[in-house]
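Let me begin by presenting the structure, written as structure tokens, before commenting on it.
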Amino acid sequence: MVENIKYMIGVDEVGRGPLAGPLTVAAIAFRLSKIQLGNLMAKRALNARPQIFENIKDSKKLSFKKREEWYNNIKYQISNIKTTSQNSKIKIFLATSSVSNQIIDKIGITKATDLAVKQVIKNLRKKVKITPFNSYFLLDGLLKAPKIFSQKTIIKGDERVPIISAASIVAKVSRDRKMLRFHKKFPYYGFDKHKGYGTSMHRGSIEKYGLSEIHRETYCKFLSSKLKTKSLKLQL
9 MVENIKYMIG
19 VDEVGRGPLA
29 GPLTVAAIAF
39 RLSKIQLGNL
49 MAKRALNARP
59 QIFENIKDSK
69 KLSFKKREEW
79 YNNIKYQISN
89 IKTTSQNSKI
99 KIFLATSSVS
109 NQIIDKIGIT
119 KATDLAVKQV
129 IKNLRKKVKI
139 TPFNSYFLLD
149 GLLKAPKIFS
159 QKTIIKGDER
169 VPIISAASIV
179 AKVSRDRKML
189 RFHKKFPYYG
199 FDKHKGYGTS
209 MHRGSIEKYG
219 LSEIHRETYC
229 KFLSSKLKTK
239 SLKLQL
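Under the numbering used here, the first residue of the sequence shown is numbered 9, with each subsequent residue one higher.
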């Protein structure tokens, strides 16, 4: 029942479209205040959010600097209990998960996305006692949690719902940092610039060097006539 819900969880993903690298999902949970629970019961769940997420925006609408600032602020809040004007303590919990390019190639992006959502919930439950009876999920776009959980999927949720916007920032920064690490191993592709997306620079590098071990082969079929047959495994 709605009155038993204690936690609101925002979920978003990044990395469905790139030619290389993982898909990453982030989930952010916070404990609802009495007012926020009232909003939920009145079907105004979009209004439920910690004060620290006021004026937050979708990660796609933020500069690199602003994303990093929000990410660092969110991480800081996780390790510190903040006090609202009602003197009630708010604790924020965060989890991420990533699905590799190999898994995406094997099972397809739709199933890979579902897998990443299930994994991020599993990771979140290691940090906070989330159950199907005490939680409510707000998910962006076409994402969905397992059916046992109460949930709402919101088109353009990363633009409309602060808790989803926060999850989008965490997912984006987490994945970008992974791609920067991959750039050190595979410097010829420019992962530090395009993060694996199909820019003209990236496509040109694929045509010149072939596929690396982090490329999604099923995504790169459109370049198959120009690709080298062997995968490139460059080392530092």
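C-beta atoms are modelled at their ideal positions from N, C-alpha and C, and glycine is treated no differently.
Looking at the DSSP output, Tyr144 bridges to Met16, Ser158.
By a beta-carbon distance limit of 8 angstroms, Ile162 contacts Val169. Their separation comes to about 6 angstroms. According to the DSSP assignment, Leu188 belongs to the alpha helix (DSSP H) that extends over 170-193. Under the three-state reduction of DSSP output, Ile129 falls in the helix class. The alpha-carbon of Leu231 is positioned some 15 angstroms away from that of Gly25. Here Ile36 carries a strand assignment [DSSP, helix/strand/coil].
By the beta-carbon neighbour count (other beta carbons within 10 angstroms, threshold 16), Glu77 is exposed.
In this structure, DSSP gives Ile100 an extended state, which the three-state scheme calls strand. With 16 or more other Cβ atoms from the protein chains shown falling within 10 Å of its own Cβ, Gly165 counts as buried.
Looking only at Val33, Thr207, Lys216, Tyr15, the smallest Cα-Cα distance to Ile117 is reached by Val33. With contacts defined by Cβ atoms closer than 8 angstroms, Gly29 and Phe194 do not form a contacting pair.
Taking C-beta atoms as the reference points, Leu151 and Val22 fail to come closer than 8 angstroms. For Ser71, there is no enclosing alpha helix (DSSP H), as DSSP marks it with neither H nor E.
In this structure, Tyr79 places its C-beta atom within 8 angstroms of the C-beta atom of Val181. Look at Leu123 here: in three-state DSSP terms it is helix.
The beta-carbon distance between His210 and Tyr197, rounded to whole angstroms, is 6 angstroms. This is short enough to meet the 8 angstroms contact definition. One thing to note: Gln127 has its Cβ no nearer than 8 angstroms to the Cβ of Phe145.
In this structure Lys229 is exposed. Its beta-carbon is surrounded by fewer than 16 other beta-carbon atoms within 10 angstroms.
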